[in-house]
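Scroll down for the structure; my scribbles are underneath it.
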Amino acid sequence: MDVLEASGAGSGAGSGSGSGSGWCGSCGNRSDWEEWEDQSLFTDTELAVLTTLCVPLLLLGLLGNALTILVVWRRPQMRSTTYLYLSSMAISDILILLLMPLDLYKLWRFRPWLLGDAVCKLSMFVGECCTFSSILHMTALGAERYLAVCFPLRARLLVTRGRVRALIAGLWGVAMLSAGPVFALVGVEQFEGGASECRCTQYALTSGLLKAMLWLSNLYFICPLTILSLLYGLIARRLHLRAHTHRDKTHRQTLRMMVVIVLVFILCWLPFHVSRTLFSVSDSSDQLYYISQYFNLVSLVLFYVSAAVNPLLYNIMSARYRANVLAMLRLTVGSTDELRHRARTSPLTASHSSTHF
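For the sequence shown, position 211 matches number 211 in full-length UniProt numbering, and the numbering has no gaps at all.
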């Protein structure tokens with residue numbers, strides 16, 4: 001998931017940059033843009049508070065997502081297709097979190113840009129690619145849950161670990177292709193006096209590429225959430241209408257967990273898309289421009305919350321995940337025997353679309 005950069009720096013600069021989809025925050029249609037470049041939007045205190053909030057998220061997010069990857073690949077009981085998706089999403093979140101120091105650096109000192117054109121383009125591309133990838137993973141996982149609940153026999157035949165691994169690779173490929181235009185969208189721009197900045201290129205502003213990427217980003221947010229709302233609604237209806245079974249209990253547990261993940265994603269990303277849209281029209285209003293920049297700061301924090309919070313949700317909502325993490329860390333006694341017993345008695349094997357959380 002990428003970050004719409006917040007503009008401004010306490011050192012007296014005006015419009016800064018962040019990584020990921022931060023390309024929007026360093027673009028704009030203002031005719032007086034250069035005048036705004038010299039104004040300070042955020043104070044040192046505001047940026048210090050932002051940094052204080054982000055650094056713990058970085059540490060917790062890296063630890064939590066690394067544990068998610070390790071527990072899936074080191075514990076055979078956790079290699080269900082559902083957790084394959086979640087471990088791939090954890091890789092995306094780790095990449096996003098690793099961009100945080102660069103984001104914070106660009107907020108404090110966005111000019112001059114000293115890291116070269118390649119780092120500028122690649123950091124923006126990685127953030128955008130991870131955003132698209134996470135959304136595609138959630139959509140694919142929602143479709144799999146729908147098959148598992150509404151068409152269980154077909155799911156057993158179609159949804160296997162091998163096919164899911166191939167699908168995950170395809171999702172990453174689609175995300176990379178979708179984020180590809182970012183390489184033409186951003187770059188290091190030179191200004192009078194020799195200052196340089198990692199920001200949108202003039203080509204992006206004049207060719208319509210900026211508007212096209214804005215529409216693509218919004219579609220990546222609206223369309224998957226519409227699909228997920230429909231799928232989860234159909235799943236909930238099917239579970240409500242049919243007789244309760246042990247398998248339905250695990251389906252309901254999985255459904256609750258996935259709905260919470262999607263709701264957290266919406267809450268974290270809605271300000272991002274609002275700020276991005278506000279910024280795209282801020283040329284007509286100075287007040288709207290300032291509002292969009294403070295929206296950027298809020299969306300920056302929520303962006304990193306979304307990358308760090310999923311492992312915490314797994315730990316709270318899934319006894320199986322929690323027990324396997326503790327067993328992997330050797331903090332419990334007898335966990336291994338218990339989990340082996342649960343794996344033997346589970347109604348679905350790990351090679352199928354297990355809903356056993």
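Note that CB positions come from ideal geometry on N, CA and C, so glycine has one too. The model shown is predicted, which means the values in this text are computed figures rather than measured ones.
Cβ-Cβ separation, residue j to residue i (assumed contact under 8 Å), whole Å
i	j	result
residue 138	residue 224	7 Å
residue 113	residue 196	5 Å
residue 254	residue 82	7 Å
residue 127	residue 99	6 Å
residue 311	residue 295	Their Cβ separation, rounded to whole angstroms, is 27 Å, which puts residue 311 and residue 295 out of contact at 8 Å.
residue 145	residue 258	6 Å
residue 77	residue 324	6 Å
residue 198	residue 182	Contact flag wrong, Cβ pair sits at about 12 Å.
residue 313	residue 50	With a Cβ gap of about 24 Å, residue 313 and residue 50 do not count as contacting.
residue 132	residue 175	4 Å
residue 308	residue 57	5 Å
residue 72	residue 92	With a Cβ gap of about 14 Å, residue 72 and residue 92 do not count as contacting.
residue 209	residue 185	6 Å
residue 301	residue 53	5 Å
residue 177	residue 136	With 8 Å as the limit, residue 177 and residue 136 do not qualify as a contact, their Cβ atoms being about 11 Å apart.
residue 149	residue 239	7 Å
residue 161	residue 79	7 Å
residue 97	residue 304	7 Å
residue 317	residue 260	7 Å
Cβ neighbour criterion (16 or more within 10 Å) applied to residue i
i	result
residue 231	buried
residue 203	exposed
residue 68	buried
residue 190	exposed
residue 37	In this prediction, residue 37 scores a pLDDT of 48, lower than 50, which makes its location untrustworthy; the coordinate-derived value is nonetheless stated afterwards. Buried, because 16 or more other Cβ atoms sit within 10 Å of the Cβ of residue 37.
residue 320	buried
residue 39	Confidence at residue 39 is low in this model, with a pLDDT of 46, below 50, so its placement is unreliable and no value can be given for it.
residue 265	buried
residue 75	buried
residue 211	exposed
residue 334	Unreliable positioning characterises residue 334 in this predicted model, as indicated by a pLDDT of 47, which lies under 50. A coordinate reading is not provided.
residue 103	buried
residue 34	Caution applies to residue 34, whose pLDDT of 46 falls short of 50 and renders its modelled position unreliable; the model cannot decide the point.
residue 269	buried
residue 84	buried
residue 111	buried
residue 90	buried
residue 201	buried
residue 118	exposed
residue 179	buried
residue 48	exposed
residue 263	exposed
residue 166	exposed
residue 142	buried
residue 140	buried
residue 64	buried
residue 59	exposed
residue 169	exposed
residue 44	exposed
residue 153	exposed
residue 228	buried
residue 234	exposed
residue 267	exposed
residue 241	exposed
residue 157	exposed
Residues sharing a beta bridge with residue i, DSSP
i	result
residue 199	187
Residue i - containing alpha helix (DSSP H), residue span
i	result
residue 84	81-98
residue 61	44-74
residue 320	319-328
residue 224	209-241
Next item on the list: Run through the region 101-165 for me and flag every whole alpha helix (DSSP H) of 4 or more residues, listed as ranges in chain order.
Entry: 116-150, 152-158
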